[in-house]
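Engineer: Sharing a structure with you now.
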Amino acid sequence: MRLVQQLTLVGATVGAGLMAGLFAAFAYAVMPALRGADDRTFVDAMQRINVTIVNGWFLLAFLGTPVLAALAAMLAWRGAARPALPWIVAGLALYLVMFVVTVAVNVPLNDALAAGAADPGAARERFESAWVTWNVVRTLASTAGFGALCWALVLAGRATG
Numbered sequence: 001m002r003l004v005q006q007l008t009l010v011g012a013t014v015g016a017g018l019m020a021g022l023f024a025a026f027a028y029a030v031m032p033a034l035r036g037a038d039d040r041t042f043v044d045a046m047q048r049i050n051v052t053i054v055n056g057w058f059l060l061a062f063l064g065t066p067v068l069a070a071l072a073a074m075l076a077w078r079g080a081a082r083p084a085l086p087w088i089v090a091g092l093a094l095y096l097v098m099f100v101v102t103v104a105v106n107v108p109l110n111d112a113l114a115a116g117a118a119d120p121g122a123a124r125e126r127f128e129s130a131w132v133t134w135n136v137v138r139t140l141a142s143t144a145g146f147g148a149l150c151w152a153l154v155l156a157g158r159a160t161g
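Mapping the sequence shown onto this note's numbering, position 56 (from 1) lands on 56, and the numbers just tick up by one.
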């Protein structure tokens with residue numbers, strides 16, 4: 001049972017780190033690079049990214065991480081890694097903040113960008129500032145969640161080692 005507990009926590013932590021890294025890369029590299037592009041190039045690039053990103057690897061990390069974190073919390077509740085439980089719960093809660101922001105804000109903005117592509121200038125104007133702002137919010141939430149899960153790993157290791 002300890003192995004399952006450890007693997008679920010490691011899996012949740014890796015998934016949270018992958019998602020935090022993805023959103024951070026958009027915040028410090030992708031969106032600043034696209035800022036200098038003309039409207040048509042910006043809209044085309046974002047549309048391509050929005051279609052391409054929805055793949056099995058992304059969905060595995062995006063949807064699998066909260067499942068693994070919830071399972072890790074349940075196993076910690078009943079197991080030797082109980083001192084890590086508050087940090088697992090915090091990591092899960094912060095991940096869920098990112099998840100909600102993504103589903104409630106960023107995805108609808110992506111869909112609106114796709115629908116408004118006939119006028120790239122107007123589509124970009126409605127999209128860019130809001131998307132970048134909310135991406136920073138989800139970057140901060142997912143990074144903090146990743147940090148909490150990292151600390152949970154440390155505490156779980158101490159408790160079970």
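Glycine residues also receive a C-beta, built at the ideal position from the N, C-alpha and C atoms.
Quick caveat: nothing in here was measured; it's all calculated off a predicted structure.
(1) Three-state secondary structure (DSSP) at Ala12?
(2) Does the structure place the segment 50 to 70 close enough to the segment 133 to 140 that three or more beta carbon pairs sit under 8 Å?
(3) Only counting runs of 4 or more residues, tell me where the alpha helix (DSSP H) segments fall wholly within the segment 49 to 136, in order along the chain.
(4) According to DSSP, simplified to helix, strand and coil, what is Gly165?
(5) Which of helix, strand or coil does DSSP assign to Gly21?
(6) Given that a residue counts as buried once 16 or more other Cβ atoms are within 10 Å of its Cβ, and exposed if not, what is Trp77?
(7) Count the other CB atoms within 10 Å of the CB of Pro32; is the residue buried (16 or more) or exposed (fewer)?
(8) At which residues does the alpha helix (DSSP H) containing Ala33 begin and terminate?
(9) So, for Gly64: in the same chain, excluding its five sequence neighbours on each side, which residues have a beta-carbon less than 7 Å away from its beta-carbon?
(10) Does Asp38 come out as helix, strand or coil in the three-state DSSP assignment?
(11) Just the C-alpha distance for Leu59 and Thr160, rounded to the nearest angstrom, thanks.
(12) Compute the Euclidean distance between the alpha carbons of Arg158 and Ala80, then round it to the nearest angstrom.
(13) Taking contact to mean 3 or more Cβ pairs, one atom from each stretch, closer than 8 Å, check whether the segment 93 to 106 and the segment 116 to 123 are in contact.
(14) Just to confirm before moving on: does the CB-CB distance between Phe146 and Thr13 stay below 8 Å?
(15) Less than 8 Å between C-beta atoms, sequence neighbours within five positions excluded: which residues of the same chain meet that for Asn50?
Structural biologist: Reading it off the structure:
(1) If DSSP states are grouped into helix, strand and coil, Ala12 belongs with the helices.
(2) Segments in contact, no.
(3) Entirely contained in the segment 49 to 136, the alpha helix (DSSP H) runs reaching 4 residues are, in chain order, 56 to 78, 85 to 101, 107 to 115.
(4) This structure cannot speak to residue 165, because the chain is shown only from 1 to 161.
(5) Three-state DSSP puts Gly21 in a helix.
(6) A residue is called buried once 16 or more other Cβ atoms fall within 10 Å of its Cβ, and Trp77, having fewer, is exposed.
(7) With fewer than 16 other beta carbons inside 10 angstroms of its own, Pro32 counts as exposed.
(8) Run containing Ala33: 31 to 35, per the alpha helix (DSSP H) assignment.
(9) Taken in chain order, the residues that qualify are Gly15.
(10) Asp38 falls in the coil class under three-state DSSP.
(11) One C-alpha to the other measures close to 31 Å.
(12) Approximately 10 Å, taken between the alpha carbons.
(13) Too few Cβ pairs lie closer than 8 Å, so no.
(14) A contact, by the Cβ cut-off of 8 Å.
(15) Counting only Cβ-Cβ distances below 8 Å, and skipping sequence neighbours, we find Asn110, Leu113, Ala114.
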